[in-house]
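Notes for the one structure printed next.
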Amino acid sequence: MGAILTQNVAWTNVEKALHHLKKNNLYTLKDILEISNEKLADLILPARFSRQKAVYLKEFSLFLQKYDYDYTNLKQEFDLKELRKKLLEIKGVGNETADSILLYAFMLPVFVIDVYTKRVFFRIGLSPDENIGYAELQNLFHLNLKRDVGLFNEYHALIVKLCKDTCLKKNPKCADCPLNQICLKKGF
1 MGAILTQNVA WTNVEKALHH LKKNNLYTLK DILEISNEKL ADLILPARFS
51 RQKAVYLKEF SLFLQKYDYD YTNLKQEFDL KELRKKLLEI KGVGNETADS
101 ILLYAFMLPV FVIDVYTKRV FFRIGLSPDE NIGYAELQNL FHLNLKRDVG
151 LFNEYHALIV KLCKDTCLKK NPKCADCPLN QICLKKGF
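Anchor point for the sequence shown: position 101 equals 101 in the numbering used here, and the numbering is continuous, going up by one each time.
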């Protein structure tokens with residue numbers, strides 16, 4: 001659920017939305033099919049765009065329902081490319097959301113690209129442009145790192161932490177940055 005709820009919103013808001021769901025005994029994607037879109041939208045209101053996201057969550061749940069909510073079965077039935085394509089066909093699931101689901105829910109080695117990744121790799125000079133295409137930047141990771149779920153998970157988490165604490169969009173704290181020695185400080 002988090003991969004959909006976190007679209008265009010801070011994780012703290014997602015946590016509030018998830019808390020509201022749990023308070024109403026809605027722990028799984030299967031559970032949310034039992035309530036109306038309106039009720040679901042009210043519960044996930046802190047995650048912003050709640051009416052849209054309610055629809056997206058239900059669409060994703062209906063997709064999983066076809067496979068009895070069995071992630072293992074899905075991984076066996078489809079290779080990674082096919083599964084990613086299936087996810088991208090779901091309303092509200094774009095590249096970042098699909099790859100987050102593949103990495104964190106399915107435990108498949110796909111590097112997630114987000115605004116933080118684009119910012120860091122542009123500033124240190126490994127990306128020609130902060131608006132680099134999703135696939136192009138993702139390919140950089142896939143070609144240069146071992147395809148490993150744990151590595152991709154940790155690497156992405158470190159990038160997110162770096163951007164939240166130090167490599168801020170405006171007024172970055174370069175003196176405190178662990179990448180200060182190699183950073184070209186592009187873009188500011």
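Glycine residues also receive a C-beta, built at the ideal position from the N, C-alpha and C atoms.
This one's a predicted model, so the numbers in the text were calculated from it and none came from an experiment.
Classify M107 as buried or exposed, calling it buried when 16 or more other Cβ atoms lie within 10 Å of its own Cβ. Note on M107: under 16 other CB atoms within 10 angstroms of its CB, so exposed under the neighbour-count rule.
Tell me which residues share the same chain as D114 and place their Cβ nearer than 7 Å to its Cβ, disregarding the 5 neighbours each side in the sequence. So the list reads E96, once near-sequence residues are dropped.
Unbroken alpha helix (DSSP H) run spanning N139, endpoints: Y134 to N144
Own chain, CB closer than 7 Å to K16, minus 5 neighbours either side, in chain order: P46
Counting only runs of 3+ residues fully inside the segment 146–179, write out the beta strand (DSSP E) ranges in chain order. none
Under the three-state reduction of DSSP, which class applies to K86: helix, strand or coil? helix
Span separating the alpha-carbon of N25 from that of A157: 29 Å
Within the continuous alpha helix (DSSP H) that includes R48, where are the two ends? Looking at the DSSP string, R48 is not in any alpha helix (DSSP H), and its letter there is neither H nor E.
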